[in-house]
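Novice:
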Amino acid sequence: MTDTEKTTSHLTRRQALMLMGAAGATGLMGPMAIGRDRAFAANADPSGQLVLAFSQEPTVFNPLMPHIEVDEGVYYAVYDPLFDFDPSGEFFAILAADVPTVANGGISADGLNWALTLKEGVTWHDGTPFTAEDVKFSLELTMDPEFRSFRSTGYKLMKNITVVSDTELTWEMAEPFAPMAAILASTYIIPKHVFDGVADKNDSPLNTAPIGTGPFKFKNRMAGDHIELEANADYHMDGPYLKTLIIKYVPDLNVMYTQFKSGDIDVIGLQYITPDHLAEAETLEGKVVKISGQATFESIGLNTTRPQFQELAVRQALYAAIDKTSIIDALYYGVPTPTETYMPQQSYYYNPDLPKHEFNIDKANALLDEAGWVRGADGIREKDGVKLAFSNSTTAGNHLREQAQQFIQQTFLEIGVAMEIKNLPPAVMWGDYWMNSEFDSVVVGLNTLAGADPDTSDYFMSTASPVLGGAGQNTFAYNSAKVDELLTKGALSFVPEDRKAIYQEMQAVIRDDLPFLPMFQYSVIKGWKDDVTGPAPNVNNRIDSWNVRDWKRS
Numbered sequence: 001m002t003d004t005e006k007t008t009s010h011l012t013r014r015q016a017l018m019l020m021g022a023a024g025a026t027g028l029m030g031p032m033a034i035g036r037d038r039a040f041a042a043n044a045d046p047s048g049q050l051v052l053a054f055s056q057e058p059t060v061f062n063p064l065m066p067h068i069e070v071d072e073g074v075y076y077a078v079y080d081p082l083f084d085f086d087p088s089g090e091f092f093a094i095l096a097a098d099v100p101t102v103a104n105g106g107i108s109a110d111g112l113n114w115a116l117t118l119k120e121g122v123t124w125h126d127g128t129p130f131t132a133e134d135v136k137f138s139l140e141l142t143m144d145p146e147f148r149s150f151r152s153t154g155y156k157l158m159k160n161i162t163v164v165s166d167t168e169l170t171w172e173m174a175e176p177f178a179p180m181a182a183i184l185a186s187t188y189i190i191p192k193h194v195f196d197g198v199a200d201k202n203d204s205p206l207n208t209a210p211i212g213t214g215p216f217k218f219k220n221r222m223a224g225d226h227i228e229l230e231a232n233a234d235y236h237m238d239g240p241y242l243k244t245l246i247i248k249y250v251p252d253l254n255v256m257y258t259q260f261k262s263g264d265i266d267v268i269g270l271q272y273i274t275p276d277h278l279a280e281a282e283t284l285e286g287k288v289v290k291i292s293g294q295a296t297f298e299s300i301g302l303n304t305t306r307p308q309f310q311e312l313a314v315r316q317a318l319y320a321a322i323d324k325t326s327i328i329d330a331l332y333y334g335v336p337t338p339t340e341t342y343m344p345q346q347s348y349y350y351n352p353d354l355p356k357h358e359f360n361i362d363k364a365n366a367l368l369d370e371a372g373w374v375r376g377a378d379g380i381r382e383k384d385g386v387k388l389a390f391s392n393s394t395t396a397g398n399h400l401r402e403q404a405q406q407f408i409q410q411t412f413l414e415i416g417v418a419m420e421i422k423n424l425p426p427a428v429m430w431g432d433y434w435m436n437s438e439f440d441s442v443v444v445g446l447n448t449l450a451g452a453d454p455d456t457s458d459y460f461m462s463t464a465s466p467v468l469g470g471a472g473q474n475t476f477a478y479n480s481a482k483v484d485e486l487l488t489k490g491a492l493s494f495v496p497e498d499r500k501a502i503y504q505e506m507q508a509v510i511r512d513d514l515p516f517l518p519m520f521q522y523s524v525i526k527g528w529k530d531d532v533t534g535p536a537p538n539v540n541n542r543i544d545s546w547n548v549r550d551w552k553r554s
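No gaps in the numbering here: position 327 of the sequence shown is 327 in full-length UniProt numbering, and each next residue is one more.
Printed below as a string of structure tokens:
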């Protein structure tokens with residue numbers, strides 16, 4: 001189903017502010033209206049094959065376990081959430097018959113009671129009927145202390161989840177939680193029956209053979225090369241229009257561009273066309289090439305459990321010793337935008353008044369001198385038996401990041417800091433090494449938002465750090481009582497204007513603390529063959545295949 005085909009019921013601004021759980025999710029440009037998706041549509045007659053390339057290999061096939069953006073490239077094809085965000089920041093229903101709101105009775109006026117109605121007649125890929133029991137199981141699994149959940153935020157407030165019928169369920173919230181609708185929009189529903197008889201829910205059949213309700217079925221996987229998906233003829237929405245979808249991984253970005261140029265790749269996805277190829281790419285015959293803003297930001301992420309990074313003066317000195325402007329202009333041809341925060345600059349919640357980064361080697365040296373970090377005979381600083389030396393890792397084959405690392409390594413040496421470059425294959429880099437904070441520092445791109453909602457509890461709440469015993473994706477192991485307080489406060493507020501002040505203050509606190517060293521907000525160069533229709537930018541989702549059900553070959 002395309003955006004223009006959806007029937008959308010727009011609410012007044014007054015109604016939008018009353019949506020409680022749903023109203024907390026605002027579009028990136030301001031308060032949001034909630035859309036209603038039409039029900040079943042006639043299925044397409046799928047034909048043809050499309051090769052979609054990613055620079056990283058998807059490896060996590062249970063979408064409720066810790067994962068990164070590239071894994072969601074598979075999830076959007078195989079699984080469905082209850083509802084999702086479209087590019088304008090509006091919800092549209094997928095497995096739900098309607099998006100719950102106060103106006104339609106799905107959410108109580110106080111935000112504490114929710115009722116959800118599901119579409120009828122939906123089936124899993126193996127033919128088993130999809131029911132409310134599957135939704136209940138998916139939501140409760142995230143709260144199971146024995147399960148490695150990718151997120152605890154929001155779910156832990158749900159209680160008394162009750163199946164009323166095959167297509168109806170209700171639950172209560174322990175307290176009002178504004179981002180709940182946005183979190184549900186990024187929750188892929190999994191089949192309960194697949195877990196029958198499974199002793200360890202972390203090791204289910206979904207880990208190797210995912211079964212969803214989505215537009216494509218999992219056919220086979222060749223580790224290190226590609227995943228083959230086939231059309232789901234019984235899909236409950238418009239599409240799919242493709243008979244076969246191949247998700248190919250090409251870790252070397254130069255090779256990926258060459259294969260796009262030669263026609264071996266139909267759509268070039270994550271990490272897209274690198275800026276050094278832009279001028280040529282725009283001249284390629286039979287190709288569509290577009291620059292698109294992204295909610296993802298690039299940073300030097302620090303593992304704050306490491307003794308080297310526990311002193312603020314060190315983090316400030318490292319940030320001052322990064323020549324961001326030269327990296328963006330020389331390596332990225334000025335395509336991305338410098339940033340001081342995780343919040344996209346298109347967001348209603350963006351704080352434009354944060355301190356601006358200054359590349360200043362003298363300032364960096366002075367900070368370290370004043371903090372008592374003394375240069376040794378080898379020129380590397382040391383304090384209390386700790387050398388100011390650490391590794392920095394990213395995806396092997398990402399040549400622009402590798403060049404940036406070399407540039408940063410040189411400027412760090414000027415302030416007495418030794419940074420060892422330790423890059424890894426994508427499947428290793430973004431597996432336990434990243435999720436369990438086994439790294440010292442990383443070059444990483446992250447989208448920390450829950451769709452269009454500004455809540456980032458999963459990444460910055462102290463209880464969301466796996467290495468500190470929590471459940472979430474706070475792999476920086478960032479621990480700030482003030483940020484915890486602001487995240488809690490922001491989640492209890494349902495008026496966008498009030499939330500804006502809270503999240504702008506939080507950005508200021510994080511900018512002062514520097515658990516990561518912000519580099520730039522992504523503007524990426526996307527490309528596809530001109531006989532492909534359907535790919536569409538969406539800053540409210542983490543990866544391009546959010547609407548792969550709509551993609552076609554002419």
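The beta-carbon is built from N, C-alpha and C at its ideal position, and this holds for glycine as well.
None of the values given here were measured: they were computed from a predicted structure.
Within 10 angstroms of the Cβ of residue 160, are there 16 or more other Cβ atoms? Answer buried if so, exposed if not.
Specialist: For the purposes of this step, residue 160 is taken as the residue at position 160 of the sequence shown. It counts as exposed.
Novice: Would DSSP call residue 520 helix, strand or coil?
Specialist: For the purposes of this step, residue 520 is taken as the residue at position 520 of the sequence shown. The answer is strand: DSSP assigns residue 520 an E or B state.
Novice: At which residues does the alpha helix (DSSP H) containing residue 132 begin and terminate?
Specialist: The residue labelled residue 132 in the question sits at position 132 within the sequence shown. Note, residue 132: alpha helix (DSSP H), 132 to 141.
Novice: Do residue 532 and residue 551 have their beta-carbon atoms positioned less than 8 Å apart in this structure?
Specialist: Along the sequence shown, one-based indexing puts residue 551 at 551. Along the sequence shown, one-based indexing puts residue 532 at 532. Closer than 8 Å, so yes.
Novice: Please report the straight-line C-alpha distance between residue 27 and residue 284, rounded to a whole angstrom.
Specialist: As a working mapping, residue 27 is identified with position 27 in the sequence shown. As a working mapping, residue 284 is identified with position 284 in the sequence shown. Any reading at residue 27 needs caution, since the residue's pLDDT is 43, under 50, leaving its predicted position unreliable; the model's value is listed next. Counting only the Cα atoms, residue 284 lies some 35 Å from residue 27.
Novice: In angstroms with no decimal places, state the Cα-to-Cα distance between residue 163 and residue 171.
Specialist: Working through the sequence shown from its first residue, we reach residue 163 at position 163. Working through the sequence shown from its first residue, we reach residue 171 at position 171. Cα to Cα, residue 163 sits roughly 9 Å from residue 171.
Novice: So residue 366 packs on residue 245, CB below 8 Å; how close in whole Å?
Specialist: Position 366 of the sequence shown, counted from the first residue, corresponds to residue 366. Position 245 of the sequence shown, counted from the first residue, corresponds to residue 245. Rounded, the Cβ-Cβ distance is 55 Å, inconsistent with contact.
Novice: Between the beta-carbon of residue 443 and the beta-carbon of residue 405, is there less than 8 Å?
Specialist: Here residue 443 refers to the residue found at position 443 when the sequence shown is read from its first residue. Here residue 405 refers to the residue found at position 405 when the sequence shown is read from its first residue. Going by C-beta atoms, residue 443 is nearer than 8 Å to residue 405.
Novice: From what residue to what residue does the beta strand (DSSP E) around residue 381 run?
Specialist: Counted from its first residue, the sequence shown places residue 381 at position 381. Here the beta strand (DSSP E) through residue 381 covers 381 to 383.
Novice: Beta carbon of residue 530, beta carbon of residue 153: below 8 Å?
Specialist: Along the sequence shown, one-based indexing puts residue 530 at 530. Along the sequence shown, one-based indexing puts residue 153 at 153. With contacts defined as CB atoms closer than 8 Å, residue 530 and residue 153 fail to qualify as a contacting pair.
Novice: Hey, quick one: how far does the beta strand (DSSP E) through residue 230 stretch, first residue to last?
Specialist: Numbered from its first residue, the sequence shown carries residue 230 at position 230. 226 to 231 is the span of the beta strand (DSSP E), which, as asked, contains residue 230.
Novice: Does the Cβ-Cβ distance between residue 435 and residue 475 come in under 8 Å?
Specialist: The sequence position of residue 435 within the sequence shown is 435, counting from 1. The sequence position of residue 475 within the sequence shown is 475, counting from 1. Contact flag set, yes.
Novice: Taking residue 270 as part of the beta strand (DSSP E), name the residues at either end of that continuous run.
Specialist: Sequence index remark: in the sequence shown, residue 270 carries index 270 (1-based). Where residue 270 is concerned, the enclosing beta strand (DSSP E) stretches over 267 to 273.
Novice: May I have the straight-line CA-CA distance separating residue 519 from residue 277, to the nearest angstrom?
Specialist: Along the sequence shown, one-based indexing puts residue 519 at 519. Along the sequence shown, one-based indexing puts residue 277 at 277. Each residue's alpha carbon lies about 21 Å from the other.
Novice: Could you tell me which residues DSSP pairs with residue 419 in its beta bridges?
Specialist: As a working note, residue 419 is residue 419 in the sequence shown. Its beta-bridge partners are 390.
Novice: Going by beta carbon distance, what residues of the same chain come within less than 7 Å of residue 415, once the five residues before and after it are set aside?
Specialist: Start at 1 with the first residue of the sequence shown, and residue 415 comes out as number 415. Hits under 7 Å: 317, 321, 361, 364, 365, 368.
Novice: Quick check: residue 527 and residue 289, are their CB atoms within less than 8 Å of each other?
Specialist: Numbered from its first residue, the sequence shown carries residue 527 at position 527. Numbered from its first residue, the sequence shown carries residue 289 at position 289. Yes, these two residues count as a Cβ contact at 8 Å.
Novice: Do residue 371 and residue 313 have their beta-carbon atoms positioned less than 8 Å apart in this structure?
Specialist: Working through the sequence shown from its first residue, we reach residue 313 at position 313. Working through the sequence shown from its first residue, we reach residue 371 at position 371. The answer is yes: Cβ separation under 8 Å.
Novice: Take residue 448 as the anchor and find which of 122, 129, 297 has the nearest alpha-carbon.
Specialist: Indexing the sequence shown from 1 puts residue 448 at position 448. When each option's Cα is compared against that of residue 448, the closest is 297.
Novice: Drop a sphere of 10 angstroms on the beta-carbon of residue 90, count the other beta-carbons inside from all chains shown, and report buried for 16 or more, exposed for fewer.
Specialist: Here the question's residue 90 lines up with position 90 in the sequence shown. Its Cβ being crowded by 16 or more others within 10 Å, residue 90 is buried.
Novice: By DSSP's criteria, residue 114 is part of a beta bridge. Which residues make up the other side?
Specialist: Numbered from its first residue, the sequence shown carries residue 114 at position 114. Looking at the DSSP assignment, residue 114 forms a beta bridge with 107, 171.
Novice: Sort 417, 467, 461 by Cα distance to residue 439 and report the nearest one.
Specialist: Within the sequence shown, residue 439 is the residue found at index 439, counting from 1. When each option's Cα is compared against that of residue 439, the closest is 467.
Novice: Quick check: what's the CA-CA separation for residue 230 versus residue 182?
Specialist: For the purposes of this step, residue 230 is taken as residue 230 along the sequence shown, with counting starting at 1. For the purposes of this step, residue 182 is taken as residue 182 along the sequence shown, with counting starting at 1. If you take the alpha carbons of residue 230 and residue 182, they lie about 29 Å apart.
Novice: Decide if residue 119 is buried, meaning its Cβ has at least 16 other Cβ atoms within 10 Å, or exposed.
Specialist: Stepping through the sequence shown from its first residue, residue 119 is reached at position 119. Burial call: buried.
Novice: Just to check my reading of the structure: residue 178 and residue 487 have Cβ atoms closer than 8 Å, yes? What is that Cβ distance to the nearest angstrom?
Specialist: Position 178 of the sequence shown, counted from the first residue, corresponds to residue 178. Position 487 of the sequence shown, counted from the first residue, corresponds to residue 487. Residue 178 to residue 487, Cβ: 11 Å. No contact.
Novice: Considering just the uninterrupted stretch of the beta strand (DSSP E) at residue 222, what are its terminal residues?
Specialist: One-based indexing of the sequence shown puts residue 222 at position 222. That run of the beta strand (DSSP E) goes 216 to 222.
Novice: For residue 322, name the three-state secondary structure that DSSP assigns.
Specialist: Here residue 322 refers to the residue found at position 322 when the sequence shown is read from its first residue. Residue state, collapsed to three classes: coil.
Novice: So which of 266, 274, 433, 114 has the shortest CA-CA distance to residue 48?
Specialist: In the sequence shown, residue 48 corresponds to position 48, counting from 1. Comparing Cα-Cα distances from residue 48 to each of 266, 274, 433, 114, the minimum goes to 266.
Novice: Taking only three categories from DSSP, how would you classify residue 206?
Specialist: Translated into the one-based positions of the sequence shown, residue 206 becomes position 206. Helix.
Novice: On the three-state DSSP scale, how would you describe residue 293?
Specialist: What you label residue 293 is simply residue 293 of the sequence shown in a count that begins at 1. Residue 293 falls in the strand class under three-state DSSP.
Novice: Go ahead and pull the three-state DSSP assignment for residue 258.
Specialist: Along the sequence shown, one-based indexing puts residue 258 at 258. Helix at residue 258.
Novice: In terms of residue numbering, what span does the alpha helix (DSSP H) encompassing residue 365 cover?
Specialist: As a first step, residue 365 must be located in the sequence shown, where it is residue number 365. Counted as a single uninterrupted DSSP element, the alpha helix (DSSP H) harbouring residue 365 occupies residues 361 to 370.
Novice: Identify whether residue 356 lies in helix, strand or coil by the three-state DSSP scheme.
Specialist: Taking the sequence shown and counting its residues from 1, the one referred to as residue 356 is at position 356. Of the three classes helix, strand and coil, the one that applies to residue 356 here is coil, per DSSP.
Novice: Considering Cα atoms alone, identify which of 254, 280, 110, 309 is closest to residue 494.
Specialist: Taking the first residue of the sequence shown as position 1, residue 494 is located at position 494. Of 254, 280, 110, 309, the residue nearest in Cα terms is 110.
Novice: Please report the distance separating the alpha-carbon of residue 34 from that of residue 93.
Specialist: Counting from one through the sequence shown, the residue named residue 34 turns up at place 34. Counting from one through the sequence shown, the residue named residue 93 turns up at place 93. With a pLDDT of 37 at residue 34, under the threshold of 50, the modelled position of that residue is not reliable, and the figure given next carries that caveat. Spanning the two alpha carbons is a distance of roughly 10 Å.
Novice: So, using beta-carbon positions, are residue 147 and residue 139 closer together than 8 Å?
Specialist: Along the sequence shown, read from residue 1 onward, the residue named residue 147 stands at position 147. Along the sequence shown, read from residue 1 onward, the residue named residue 139 stands at position 139. No.
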